[in-house]
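>
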Amino acid sequence: MAAVDLHAHTLASDGSDRPEELVAAAAAAGVGTLAVTDHDTVAAVAEARAAGERLGVEVLAGCEVTATVGGRVVHVLLYGEGLLEPDLADAVEVARRGRDERNLAIGERLEQLTGVGHADAVELACGSVLSRAHFARALVARGAVADVAEAFDRYLSSGRPAYVPAPSVSVIDAVALAAKAGGVAVLAHPGRLAPAERDRVVAEALEAGVDGVEVWHSQHDQELRRSLAALAERRGLLATGGSDYHGRHKPDVRVGSGTGGNVDVPGERLAALRHRLAVGGPG
Ligand code: AMP
Ligand code: MN
Ligand code: MN
Ligand code: MN
5 MAAVDLHAHT
15 LASDGSDRPE
25 ELVAAAAAAG
35 VGTLAVTDHD
45 TVAAVAEARA
55 AGERLGVEVL
65 AGCEVTATVG
75 GRVVHVLLYG
85 EGLLEPDLAD
95 AVEVARRGRD
105 ERNLAIGERL
115 EQLTGVGHAD
125 AVELACGSVL
135 SRAHFARALV
145 ARGAVADVAE
155 AFDRYLSSGR
165 PAYVPAPSVS
175 VIDAVALAAK
185 AGGVAVLAHP
195 GRLAPAERDR
205 VVAEALEAGV
215 DGVEVWHSQH
225 DQELRRSLAA
235 LAERRGLLAT
245 GGSDYHGRHK
255 PDVRVGSGTG
265 GNVDVPGERL
275 AALRHRLAVG
285 GPG
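In my numbering, the protein residues as written are 5 to 287.
Right, here's the structure in full:
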């Protein structure tokens, strides 16, 4: 059976692949169903879908938004064809526009600290949505740090001197946006939350109305997958999974698999998602 990957990025946000390159990589990896989930934009979905039609890959519309709940920043995956409607696509991009201001602030701080600033990151980003990842790569390219990890450790991580919080919506707003699109909102990679507060933040996200949790994320270990799958089962939630592919910017993650192997979204879980999205499966 074809593999499934419900979380992947392109050049429209902070991935390195053009939409058709992502889809070609998915096809080569045996992925039959792929969701394109760029940060704060659905701009790459149409192009990816056109490539998918040529290459036999079903492309689902999605995006990943930054949201706050319980005083914490989380990522929420939105899935749904309605996200492509102009007014909803525009609502998704509101967060993206808020990023411009943040990026100028990061650039200003970084320039004072290192001489590498906003313009350097823009040049490197070649038109994609600017993120801290681009500032990190600009620092590497200009020799200010040895690698991306050092760029985050010294300057860009939360609590470091060039850090500025990302603009975000509330999880309630993210859920409402998904509902408006006739789609669903799924709490992304709960494994990234600090273990001490994970249960609390997940509970608050559920309270805010998320429809599901991302279980088979490439960075989740088997134990976390088991406990999240059990939670989804108990609470009647959707359970999704994906690689969180970013192309060459996360070289250890491939489409359809992560460091822990295939992301393995079970067939019945995909069927439940399809049912909620009212999209028929192939065959
Ligand atoms: P932003 O959305 O602008 O906050 O930037 C997030 C981007 O930075 C994503 O691509 C992350 O994968 C990347 N990122 C965040 N923290 C780190 C880190 N410590 N090391 C490498 N990349 C990171
Ligand atoms: Mn990213
Ligand atoms: Mn994320
Ligand atoms: Mn992601």
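Think of the CB as a built atom: it goes at the ideal place given N, C-alpha and C, for glycine as much as any other residue.
Which of the three DSSP states is assigned to S261 in this structure?
Position 257 of the sequence shown holds residue 261. In this structure, S261 counts as strand in the three-state DSSP scheme.
> Using DSSP with H/G/I as helix, E/B as strand and the rest coil, what is L281?
Position 277 of the sequence shown, counting from 1, holds the residue named residue 281. In the structure shown, L281 sits in a helix (DSSP, three-state: H, G or I).
> Please go through the same chain and pick out, in chain order, the residues whose beta-carbon is closer than 8 Å to the beta-carbon of G265, but skip the five residues on each side of it.
Taking the first residue of the sequence shown as 1, we reach residue 265 at position 261. At G265, the pLDDT of 49 sits below 50, so the modelled position is not reliable; the number obtained from the coordinates is stated separately. Nothing listed; no residue qualifies.
> Is the CB-CB distance between V69 and A178 below 7 Å?
Taking the sequence shown and counting its residues from 1, one reaches residue 69 at position 65. Taking the sequence shown and counting its residues from 1, one reaches residue 178 at position 174. Cβ atoms of V69 and A178: closer than 7 Å.
> How do the stretch 205-217 and the stretch 165-173 stand: do at least 3 beta-carbon pairs fall below 8 Å, yes or no?
The stretch 205-217 vs the stretch 165-173: no contact.
> For a test of your reading of the model: does the CB of H221 fall under 6 Å from any non-hydrogen atom of ligand 3? Yes or no.
Translated into the one-based positions of the sequence shown, residue 221 becomes position 217. Result no, Cβ not under 6 Å from ligand 3.
> Under a Cβ-count criterion, where at least 16 other Cβ atoms within 10 Å of its own Cβ denotes burial, should P194 be classed as buried or exposed?
Here residue 194 is taken as the residue at index 190 of the sequence shown, counted from 1. With 16 or more other Cβ atoms within 10 Å, it is buried.
> Sorry if obvious, but does the Cβ on E68 come closer than 6 Å to a heavy atom of ligand 4?
Locating residue 68 in the sequence shown gives position 64, counting from the first residue. True, at least one ligand heavy atom lies under 6 Å from that Cβ.
> Could you check whether the stretch 91-105 touches the stretch 146-160, counting it as contact only if at least three pairs of C-beta atoms, one from each stretch, sit closer than 8 Å?
The stretch 91-105, when compared against the stretch 146-160, does not touch it at the 8 Å Cβ threshold.
> Are T242 and G216 close, meaning C-beta to C-beta below 7 Å?
The sequence position of residue 242 within the sequence shown is 238, counting from 1. The sequence position of residue 216 within the sequence shown is 212, counting from 1. Residue identity check: residue 242 is Leu in the sequence provided, not Thr. The answer is yes: Cβ separation under 7 Å.
> What first and last residue would you give for the beta strand (DSSP E) that runs through R158?
Residue mapping note: residue 158 aligns to position 154 of the sequence shown, counting from 1. First-last for R158: undefined, no H or E at that position.
> For C130, count neighbouring Cβ atoms within 10 angstroms of its own Cβ and tell me buried if that reaches 16, exposed if not.
The residue given as residue 130 occupies position 126 in the sequence shown. Classification of C130: exposed, given that the 10 Å Cβ count is below 16.
> Need the endpoints of the alpha helix (DSSP H) that E138 sits in, please.
Here residue 138 refers to the residue found at position 134 when the sequence shown is read from its first residue. Before going further, note that residue 138 is His rather than Glu in the sequence given. Segment R136 to A145, the alpha helix (DSSP H) holding H138.
> Taking just the CA atoms, how far does W220 sit from R229?
By 1-based counting over the sequence shown, the position of residue 229 is 225. By 1-based counting over the sequence shown, the position of residue 220 is 216. Each residue's Cα considered, the two are about 6 Å apart.
> Would you tell me roughly how many angstroms separate the C-alpha atoms of T263 and L117, rounded to the nearest one?
Residue 263 sits at position 259 when you count from the first residue of the sequence shown. Residue 117 sits at position 113 when you count from the first residue of the sequence shown. Confidence at T263 is low in this model, with a pLDDT of 41, below 50, so its placement is unreliable and the value that follows should be read with caution. Distance between the alpha carbons of T263 and L117 is about 35 Å.
> Bridge partners for E68 per DSSP, in chain order?
Stepping through the sequence shown from its first residue, residue 68 is reached at position 64. In the DSSP output, where bridge partners are listed per residue, E68 has H43 and L81.
> Rounded to whole angstroms, how far is the Cβ of V133 from the Cβ of A16, which I believe are closer than 8 Å?
As a first step, residue 133 is located in the sequence shown; it is residue number 129 there, counting from the start. As a first step, residue 16 is located in the sequence shown; it is residue number 12 there, counting from the start. Yes, V133 and A16 are in contact; Cβ-Cβ is about 7 Å, under 8 Å.
> Of all the CB atoms in chain B, is at least one closer than 7 Å to the CB of A155?
Of the protein chains in this structure there is only one, and it is not chain B.
> Just the C-alpha distance for K254 and E112, rounded to the nearest angstrom, thanks.
In the sequence shown, counting from the first residue as 1, residue 254 sits at position 250. In the sequence shown, counting from the first residue as 1, residue 112 sits at position 108. If you take the alpha carbons of K254 and E112, they lie about 26 Å apart.
> Hey, how far is the Cα of A290 from the Cα of S20?
Because the chain spans 5 through 287 in this model, residue 290 falls outside it and cannot be assessed.
> Excluding sequence positions up to five away, which residues of its chain have a Cβ less than 6 Å from the Cβ of V73?
The residue labelled residue 73 in the question sits at position 69 within the sequence shown. Once the five neighbours on either side are set aside, the close Cβ partners of V73 are V175, E208, A209 and A212.
> Taking three-plus beta-carbon pairs below 8 Å as touching, is the stretch 235-250 in contact with the stretch 19-39?
Touching, yes.
> Going along the chain, which residues of its own chain have a beta-carbon closer than 6 Å to the beta-carbon of A236, five neighbours each way excluded?
For the purposes of this step, residue 236 is identified with residue 232 of the sequence shown, where counting begins at 1. Within the same chain, A236 has close Cβ partners V217 and A243.
> CA-CA distance, G86 and G66?
Working through the sequence shown from its first residue, we reach residue 86 at position 82. Working through the sequence shown from its first residue, we reach residue 66 at position 62. For G86 and G66, the distance between alpha carbons rounds to 10 Å.
> Under 6 Å from any heavy atom of ligand 1, does the C-beta of D248 make it?
Reading the sequence shown from its first residue, position 244 is the one you call residue 248. Checking every heavy atom of ligand 1 against the Cβ of D248, none is found closer than 6 Å.
> Which of the three DSSP states is assigned to L88 in this structure?
Along the sequence shown, read from residue 1 onward, the residue named residue 88 stands at position 84. Looking at L88 - three-state DSSP - the assignment turns out to be helix.
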